[in-house]
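Q:
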Amino acid sequence: MPRIENDIKLDFKDVLLRPKRSTLKSRSEVNLTRSFTFRNSKQSYEGIPVIAANMDTVGTFEMARALGKVRGPLGYATRSPSHQFETFHFILFSNIAASSGTGQGDFERLSEILCAVPQVRYICLDVANGYSEHFVQYVKDVRERFPEHTIIAGNVVTGEMVEELLLSGADIIKVGIGPGSVCTTRKKTGVGYPQLSAVIECADAAHGLNGHIISDGGCTCPGDVAKAFGAGADFVMLGGMLAGHSESGGEMIEKGGQQYKLFYGMSSETAMKRHAGGVADYRASEGKTVEVPFKGDVEHTIRDILGGVRSTCTYVGASKLKELSRRTTFIRVTEQLNTVFGASN
Ligand code: 5GP
Numbered sequence: 010m011p012r013i014e015n016d017i018k019l020d021f022k023d024v025l026l027r028p029k030r031s032t033l034k035s036r037s038e039v040n041l042t043r044s045f046t047f048r049n050s051k052q053s054y055e056g057i058p059v060i061a062a063n064m065d066t067v068g069t070f071e072m073a074r075a076l077g078k079v080r081g082p083l084g085y086a087t088r089s090p091s092h093q094f095e096t097f098h099f100i101l102f103s104n105i106a107a108s109s110g111t112g113q114g115d116f117e118r119l120s121e122i123l124c125a126v127p128q129v130r131y132i133c134l135d136v137a138n139g140y141s142e143h144f145v146q147y148v149k150d151v152r153e154r155f156p157e158h159t160i161i162a163g164n165v166v167t168g169e170m171v172e173e174l175l176l177s178g179a180d181i182i183k184v185g186i187g188p189g190s191v192c193t194t195r196k197k198t199g200v201g202y203p204q205l206s207a208v209i210e211c212a213d214a215a216h217g218l219n220g221h222i223i224s225d226g227g228c229t230c231p232g233d234v235a236k237a238f239g240a241g242a243d244f245v246m247l248g249g250m251l252a253g254h255s256e257s258g259g260e261m262i263e264k265g266g267q268q269y270k271l272f273y274g275m276s277s278e279t280a281m282k283r284h285a286g287g288v289a290d291y292r293a294s295e296g297k298t299v300e301v302p303f304k305g306d307v308e309h310t311i312r313d314i315l316g317g318v319r320s321t322c323t324y325v326g327a328s329k330l331k332e333l334s335r336r337t338t339f340i341r342v343t344e345q346l347n348t349v350f351g352a353s354n
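In the working numbering, each residue carries its 1-based index in the sequence shown increased by 9.
(1) State the Cα-Cα distance for the pair residue 323 and residue 205, rounded to the nearest angstrom.
(2) Residue 246 by DSSP, collapsed to three states: which one?
(3) Are there any heavy atoms of the ligand 5GP lying less than 6 Å away from the beta-carbon of residue 275, as far as the coordinates show?
(4) I need the DSSP call for residue 345, collapsed to helix, strand or coil.
(5) Give, in chain order, every unbroken run of the alpha helix (DSSP H) that is at least 4 residues long and sits entirely within the segment 169–218.
(6) Could you spell out where the alpha helix (DSSP H) holding residue 146 opens and where it closes?
(7) Taking 6 Å as the limit between beta carbons, can you name the residues of its chain near residue 55, skipping five residues before and five after?
(8) Tell whether a beta-carbon distance below 7 Å holds between residue 148 and residue 178.
(9) In angstroms with no decimal places, state the Cα-to-Cα distance between residue 221 and residue 136.
(10) In the DSSP assignment, find the unbroken beta strand (DSSP E) run with residue 298 in it and report its ends.
(11) Out of 170, 125, 182, state which residue places its alpha-carbon closest to the alpha-carbon of residue 134.
(12) Tell me whether residue 194 counts as near the ligand 5GP, meaning its Cβ is closer than 6 Å to at least one heavy atom of that ligand.
(13) Would residue 211 be called buried (16 or more neighbouring beta carbons within 10 Å of its own) or exposed?
(14) With a 10 Å radius around its C-beta and 16 neighbouring C-beta atoms as the bar for buried, classify residue 233 as buried or exposed.
(15) State the beta-bridge partners of residue 269 as determined by DSSP.
(16) Can you tell me the Cα-Cα spacing of residue 268 and residue 142, whole angstroms?
(17) By how many angstroms is the C-alpha of residue 254 removed from the C-alpha of residue 307?
(18) Determine the closest residue to residue 47 out of 196, 176, 112, 63, with distance taken between C-alpha atoms.
(19) Does the distance from the C-beta atom of residue 214 to that of residue 172 stay below 7 Å?
(20) Express the C-alpha separation of residue 16 and residue 257 in angstroms, rounding to a whole number.
(21) Measure the Cβ-Cβ separation of residue 226 and residue 185 and say whether it is below 7 Å.
(22) Take the Cβ of residue 305 as the centre, count every other Cβ of all protein chains shown within 10 Å, and call the residue buried at 16 or more, exposed below.
(23) Terminal residues of the continuous alpha helix (DSSP H) containing residue 284?
(24) Tell me whether residue 252 is buried or exposed, calling it buried when 16 or more other Cβ atoms sit within 10 Å of its Cβ.
(25) From what residue to what residue does the beta strand (DSSP E) around residue 55 run?
(26) Is the beta carbon of residue 295 within less than 6 Å of some heavy atom of the ligand 5GP?
(27) With a threshold of 6 Å (Cβ to nearest heavy atom), would residue 108 be considered close to the ligand 5GP?
(28) In whole angstroms, what separates the C-alpha of residue 119 from that of residue 20?
(29) At the level of alpha carbons, what is the spacing between residue 39 and residue 329?
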């Protein structure tokens, strides 16, 4: 008989952060830099842990540079195509991660790349469904072959799988199934988990084993990024919020005098056509293609996001990003914004 979990699971839109008495005088006193030492690789990281999604139209070299300028680590290597494909190829950032799937030939290609570019210290093993035994075995195999690289693995949304992946050799677990701005997994499959609860539960499981997590997907505004950190995320990964900029990939389109940039999910028909020649018969696409109004340089957006998070820290009395989750009390709400002059600002 199917089981029903009656505990309510929450999303970013269901909560606000409760303000707390604070001794901070200004946002400029807030330090957003975090330092981590990873559980299995023993490597260290220092930076502002907001990272771009490994998607064609977001995880570009230009985006990495822009994030690096404001001390974002960015740290991303984009891979294409992404979710659930059998074959992958890799695009490397000079300073960051090689991203790989688990298909035939991926292990060999990953090995070739990491041997050829020894500066790449991060490996991102990224599949839409991180729950398969095959994936767990792949994480073990990669760990055995690369004992000193930092391994990011995902995506999952529950504590027991976070633990299994960490114990199999991963250092950082990517959390999120279905929250993405161009994701249609929940619609096509009925599977998912509200992102705020997923982050709270997965962070708790990971931190118990000295592991780390990335909250991946679902952030629509700087306040959501702050909520993800408040929920316990060590890193927050952004797709849609970084789309539509000069540094984003994707074709520029002009319509009625307005410029737009194409932004598509890595399991969308657009991505599958681009990387695999089309959607295979046995599967459905699980991503959308949208046109995002062109927003200019991403630096302004990044500063807006980081400024928002700094301000959150002052409201709850956290002088460092590290203290934010300890200072967080979420209150459940039924309404977030006053939309009398429109919902967008
Ligand atoms: P966003 O920040 O846009 O809300 O979410 C970005 C995340 O959505 C990515 O990091 C990735 O995990 C996920 N994603 C990207 N493309 C697709 C897709 O086509 N289908 C699904 N299900 N998820 C996607």
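Ideal placement from N, C-alpha and C gives every residue a C-beta, glycine not left out.
A: Taking the geometry as given:
(1) Translated into positions along the sequence shown, residue 323 becomes position 314. Translated into positions along the sequence shown, residue 205 becomes position 196. Whole-angstrom Cα-Cα distance: 21 Å.
(2) Within the sequence shown, numbered from 1, the residue matching residue 246 stands at position 237. The DSSP-derived three-state label of residue 246 is strand.
(3) As a working mapping, residue 275 is identified with position 266 in the sequence shown. Relative to the ligand 5GP, residue 275 has its C-beta within less than 6 Å of a heavy atom.
(4) Sequence index remark: in the sequence shown, residue 345 carries index 336 (1-based). Residue 345: coil per DSSP, three-state reduction.
(5) Entirely contained in the segment 169–218, the alpha helix (DSSP H) runs reaching 4 residues are, in chain order, 194–198, 204–217.
(6) Taking the first residue of the sequence shown as 1, we reach residue 146 at position 137. Run containing residue 146: 142–154, per the alpha helix (DSSP H) assignment.
(7) As a working mapping, residue 55 is identified with position 46 in the sequence shown. Excluding the 5 residues flanking it on each side, residue 55 has same chain C-beta neighbours closer than 6 Å at 44, in chain order.
(8) Locating residue 148 in the sequence shown gives position 139, where the first residue counts as 1. Locating residue 178 in the sequence shown gives position 169, where the first residue counts as 1. The Cβ-Cβ distance between residue 148 and residue 178 falls below 7 Å.
(9) As a first step, residue 221 must be located in the sequence shown, where it is residue number 212. As a first step, residue 136 must be located in the sequence shown, where it is residue number 127. Taking the straight line from one Cα to the other gives about 18 Å.
(10) What you label residue 298 is simply residue 289 of the sequence shown in a count that begins at 1. In the DSSP assignment, residue 298 falls within the unbroken beta strand (DSSP E) covering 298–302.
(11) Taking the first residue of the sequence shown as 1, we reach residue 134 at position 125. Comparing Cα positions, the closest option is 182.
(12) Here residue 194 corresponds to residue number 185 of the sequence shown, with the count starting at 1. Residue 194: yes, Cβ under 6 Å from the ligand 5GP.
(13) As a first step, residue 211 is located in the sequence shown; it is residue number 202 there, counting from the start. Under this definition residue 211 is a buried residue.
(14) In the sequence shown, residue 233 corresponds to position 224, counting from 1. Counting every other CB atom within 10 Å of its CB across the protein chains shown gives residue 233 a total of 16 or more, marking it as buried.
(15) Along the sequence shown, read from residue 1 onward, the residue named residue 269 stands at position 260. Per DSSP, 262, 302.
(16) Counted from its first residue, the sequence shown places residue 268 at position 259. Counted from its first residue, the sequence shown places residue 142 at position 133. Distance from the CA of residue 268 to the CA of residue 142, rounded to the nearest whole angstrom, comes to 45 Å.
(17) By one-based count along the sequence shown, residue 307 stands at place 298. By one-based count along the sequence shown, residue 254 stands at place 245. C-alpha of residue 307 to C-alpha of residue 254: approximately 6 Å in a straight line.
(18) In the sequence shown, residue 47 corresponds to position 38, counting from 1. Considering only 196, 176, 112, 63, the residue with the shortest C-alpha distance to residue 47 is 176.
(19) Taking the first residue of the sequence shown as 1, we reach residue 214 at position 205. Taking the first residue of the sequence shown as 1, we reach residue 172 at position 163. The Cβ atoms of residue 214 and residue 172 sit closer than 7 Å to each other.
(20) Along the sequence shown, one-based indexing puts residue 257 at 248. Along the sequence shown, one-based indexing puts residue 16 at 7. Those two C-alpha atoms are separated by around 39 Å.
(21) Indexing the sequence shown from 1 puts residue 226 at position 217. Indexing the sequence shown from 1 puts residue 185 at position 176. At a Cβ-Cβ threshold of 7 Å, residue 226 and residue 185 count as neighbours.
(22) Counted from its first residue, the sequence shown places residue 305 at position 296. By the 16-neighbour rule on beta-carbons within 10 angstroms, residue 305 is exposed.
(23) The residue you call residue 284 lines up with position 275 of the sequence shown. For residue 284, the uninterrupted alpha helix (DSSP H) segment begins and ends at 278–285.
(24) Along the sequence shown, one-based indexing puts residue 252 at 243. That one is buried.
(25) The sequence position of residue 55 within the sequence shown is 46, counting from 1. Where residue 55 is concerned, the enclosing beta strand (DSSP E) stretches over 53–56.
(26) As a working mapping, residue 295 is identified with position 286 in the sequence shown. Yes, since a heavy atom of the ligand 5GP falls inside the 6 Å radius drawn around the Cβ of residue 295.
(27) Along the sequence shown, one-based indexing puts residue 108 at 99. Not one heavy atom of the ligand 5GP sits closer than 6 Å to the Cβ of residue 108.
(28) Here residue 119 corresponds to residue number 110 of the sequence shown, with the count starting at 1. Here residue 20 corresponds to residue number 11 of the sequence shown, with the count starting at 1. Going by the C-alpha atoms only, they are around 35 Å apart.
(29) For the purposes of this step, residue 39 is taken as the residue at position 30 of the sequence shown. For the purposes of this step, residue 329 is taken as the residue at position 320 of the sequence shown. Each residue's alpha carbon lies about 5 Å from the other.
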